[in-house]
Structures are given as C-alpha cells and as structure tokens.
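Structure first, commentary second.
Below, the structure is given as structure tokens:
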C-alpha cells in the first residue's frame with residue numbers, strides 16, 4: 019500500500035491516562051475514548067510509560083482494529099529523567115514504530131526522529147502565574163521543559179480562550195499556532211435520583227444521611243480550599259449541611275487538611291480522597307450546591323459536570339471559569355471569604371433561584387460534548403497532516 023493510500027499513523031502519549039486518576043489523566047482518557055468512537059479509519063498508536071501495578075481506573079484505554087498500544091519499559095518518572103534531565107536523544111519512535119504525527123496532551127514533547135508534525139496540548143500556565151502554589155522542584159521542571167516544547171510544537175491546543183491568551187502574552191506564541199479545544203462532559207453525568215444508588219455512594223464514602231455541599235479537585239493550594247473551609251464556618255453554624263471535598267492528594271496540602279480542625283469543623287468538613295469516575299455522577303447529584311473557588315484553571319471541567327447533574331454552581335470569577343460557566347453559575351472573587359459565605363447562605367434559602375440555576379446549568383453543559391471535541395481534534399490532525 020502506498021503512503022498516500024494507507025491510513026495516517028498518529029501517536030498519542032496517553033501516559034497520564036494510565037497513571038493519573040483525575041486532571042490530565044481524565045482529560046486524556048475521555049479524549050482517546052471519544053476519538054475511538056468518531057474515527058475508525060486513522061491508525062492510532064497509544065503510547066505510554068510502563069503501566070503501574072494499580073491503574074487509576076479499570077479500563078483506561080479503548081481498543082479497536084485501528085488502535086495499537088505501545089508501552090515503554092520505563093516508568094513515567096524514568097522517561098522524564100531520560101528525556102528531560104539527562105536529555106538522551108531517545109526518539110519516541112523506538113517505542114511506537116514509524117508515525118506521521120505525534121500528539122502530547124500533557125505539556126511536554128519528547129525527542130522525535132525526522133520532521134513529523136507535532137501537536138502539544140497546554141492546559142494552563144498556572145505554574146507561571148501562581149508558582150507559590152507548586153513545589154519549587156515542580157516549578158523548576160515545568161519552567162525548563164514547557165517553553166521549549168511550546169516553541170518546538172508545530173501546533174498547540176489550548177483548553178480555553180484564557181489559556182490561548184496566556185500563551186500569546188507570556189511566550190508571544192503566534193495566534194495562528196493555537197487552536198482552542200474545549201473539553202466535553204461525558205454522557206454519564208446526569209442527575210442520579212435512584213435512592214439505592216445514592217445510598218450506596220453515601221455508604222461507600224462515609225457521607226452519612228445529611229445534606230452536603232461539594233467541591234471536586236486535586237488537593238493543592240491553587241484550589242483555594244482553605245478559604246472555602248473558612249467561609250463554610252458561618253454556614254455550618256446555621257445549616258445542617260456538611261462540606262465534602264473530593265480529590266486525590268496533590269502537593270502542599272497539609273495546611274488545607276489542618277484548616278478544618280483549626281476552624282473547629284473537623285466533624286463537618288471531610289476530604290474524601292480520589293473518587294472513582296463511576297461514582298462522581300451520584301456524588302454530584304446528592305449535593306445541594308457545588309463550590310469551585312479555584313484561583314486559576316485552564317478549563318474547570320467539574321463546573322460542567324456538576325451542572326449536568328443538576329446542581330447549582332458557585333464558582334470563582336477567574337481565568338477560564340468565566341467562559342466555561344457562562345451565565346449559569348454564580349461567580350465570585352476567589353479571595354472574598356465573606357461573599358462566599360453570604361452566597362452559600364443566600365442560595366440555601368432561595369429554592370426558586372437554585373431551580374433557575376439548575377435549568378441554566380443543564381443548557382450550558384449541553385454545549386460541551388466529548389464527541390464534539392473529538393471531531394474538532396480529528397480535523398486538526400487532518401490539517402497538520404496536510405489532508
């Protein structure tokens with residue numbers, strides 16, 4: 019078969035999908051599963067570091083006649099060391115075989131053989147804007163490897179217009195080099211009303227039987243959970259609701275975990291840890307309010323997931339969150355503790371307002387689907403391949 023007749027070979031680094039539960043791991047899983055649905059012609063080569071002993075989800079990657087997997091014999095940490103610390107010119111084609119295009123959904127490009135087009139996803143520049151919310155080692159690493167990867171990439175995907183503007187302002191990346199590719203909301207995110215399912219979830223995570231407020235996201239300073247706990251103190255004094263925060267431990271989270279005890283709320287604030295993808299719809303559905311006070315996000319997918327599950331959303335008015343939330347969320351400055359407390363109290367009192375927010379949230383979430391994302395991504399692939 020001639021090169022012009024065979025399907026293009028596109029390699030995608032799916033290491034995050036097999037090593038991370040949330041964040042970029044979830045993004046990558048959703049993306050490749052949606053691609054597998056909408057494009058059964060392209061030859062997809064899913065490359066990843068050595069599979070961990072305990073993957074974050076049972077089936078992180080799709081299968082199909084046009085999908086091949088390639089696992090490196092090294093862990094993700096060793097690959098980063100080999101490529102970005104020791105700078106070994108070990109091309110990714112040693113693992114994937116010949117390819118026509120390479121896509122990294124996780125900020126960094128590896129060494130490659132030949133002059134094939136490369137696509138790089140940059141989710142956000144939080145390490146540039148909020149370096150104090152990262153460990154110094156992580157800031158140093160990202161500052162060394164991300165800017166050269168952005169410069170090397172043939173084209174860049176940004177999670178939002180806010181990230182696109184950041185790339186242009188911080189590193190003078192040409193506008194024509196960046197495409198905004200919004201994330202989607204998986205169809206499984208919809209209201210869960212079946213009492214048995216909700217009771218099972220409550221038992222599994224020790225939620226008790228009372229009402230609760232919810233936030234979802236990795237435990238790290240940028241998520242602004244300490245402010246949320248302080249704002250919740252006044253709410254807890256007047257309402258029976260508890261505050262549950264779902265997310266795996268990231269970094270610099272000790273003060274976050276200690277804040278609940280410091281505020282005398284150890285029995286009213288619970289950190290749930292990582293919640294499996296399949297449990298999230300029921301967790302969202304059981305919440306009276308969804309709260310997202312993050313200082314900065316490249317996209318903010320939990321906002322839309324909560325909306326799709328019929329929960330009123332209160333969000334920070336920063337970065338991409340304004341464009342993702344649209345008119346459906348109540349937006350507040352992330353530092354204004356009093357405003358967060360008053361808004362929680364006001365919404366818990368105002369059932370008609372909550373109902374209007376739920377209806378607006380359903381409309382907003384329906385605009386974002388992974389199938390739509392995958393079709394746009396497949397078009398970008400074709401453009402880079404010159405099809």
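Residue numbers (our numbering): 19 to 405.
In this text, a Cβ means the ideal position worked out from N, Cα and C, and glycines have one as well.
Could you give the DSSP three-state label for residue i: helix, strand or coil?
i           : result
residue 93  : coil
residue 419 : This structure does not reach residue 419, given that the chain is present from 19 up to 405, and the question cannot be answered.
residue 333 : strand
residue 180 : helix
residue 252 : helix
residue 384 : coil
residue 288 : strand
residue 319 : helix
residue 363 : helix
residue 267 : strand
residue 31  : strand
residue 257 : coil
residue 243 : helix
residue 395 : helix
residue 145 : helix
residue 167 : helix
residue 19  : Only weak support exists for where residue 19 lies, its pLDDT of 48 falling under 50; the value from the coordinates is given anyway. Coil at residue 19, not helix or strand.
residue 102 : helix
residue 312 : coil
residue 152 : coil
residue 110 : coil
residue 376 : helix
residue 36  : helix
residue 218 : helix
residue 371 : helix
residue 86  : strand
residue 210 : coil
residue 402 : helix
residue 406 : For residue 406 there is no data in the structure shown, the boundaries of the chain being 19 and 405.
residue 122 : strand
Considering only C-alpha positions, which residue in the set the options is nearest to residue i?
i           : options            : result
residue 166 : 149, 128, 177, 196 : 128
residue 141 : 291, 388, 164      : 164
residue 61  : 67, 53, 68         : 53
residue 240 : 92, 202, 316       : 316
residue 232 : 286, 193, 351      : 286
residue 325 : 337, 335, 338, 310 : 310
residue 380 : 342, 360, 359      : 342
residue 314 : 262, 345, 350      : 350
residue 203 : 293, 154, 366, 51  : 51
residue 281 : 348, 245, 24       : 245
residue 225 : 264, 193, 236, 24  : 264
residue 312 : 25, 337, 179, 291  : 337
residue 227 : 386, 251, 259      : 259
residue 274 : 235, 256, 255      : 235
Quick one, are the C-beta atoms of residue i and residue j less than 8 Å apart?
i           : j           : result
residue 83  : residue 36  : no
residue 31  : residue 122 : yes
residue 322 : residue 383 : yes
residue 389 : residue 55  : yes
residue 223 : residue 261 : no
residue 320 : residue 375 : no
residue 143 : residue 184 : yes
residue 130 : residue 120 : yes
residue 306 : residue 366 : yes
residue 170 : residue 191 : no
residue 352 : residue 378 : no
residue 289 : residue 237 : yes
For residue i, which residues of its own chain have a beta-carbon under 7 Å away from its beta-carbon, when the five flanking residues on both sides are left out?
i           : result
residue 27  : 61, 63, 116, 117, 118
residue 114 : 29, 63, 65, 88
residue 182 : 176, 196, 198
residue 45  : 123, 201
residue 78  : 35, 36, 47
residue 43  : 34, 35, 37, 74
residue 69  : 36, 89
residue 98  : none
residue 189 : 165, 168
residue 147 : 314
Near residue i, what residues of its chain come up, given a Cβ to Cβ distance below 6 Å and the 5 sequence neighbours on each side ignored?
i           : result
residue 149 : 157
residue 362 : 253
residue 145 : 152, 157, 160
residue 278 : 247, 284, 287
For residue i, which residues of its own chain have a beta-carbon under 8 Å away from its beta-carbon, when the five flanking residues on both sides are left out?
i           : result
residue 356 : 249
residue 102 : 126, 159, 162, 163
residue 19  : Residue placement at residue 19 is flagged as unreliable, the pLDDT there being 48, under the threshold of 50; a coordinate-derived value is accordingly withheld.
Using 8 Å as the limit for Cβ to Cβ distance, is residue i near chain B?
i           : result
residue 190 : In the structure shown, chain B cannot be found, because there is only a single protein chain.
Is residue i near the ligand NAD, going by C-beta to nearest heavy atom under 7 Å?
i           : result
residue 264 : Absence of the ligand NAD from the depicted structure is noted, as is the absence of any ligand whatsoever, leaving it without description.
Exercise for the section: Please confirm if the stretch 204–212 is in contact with the stretch 297–304, defined as three or more CB-CB distances below 8 Å between the two stretches. Expected result: yes
Practice task
Taking 8 Å as the threshold, find out whether the stretch 212–223 comes into contact with the stretch 268–285 through three or more Cβ pairs.
Solution key: no
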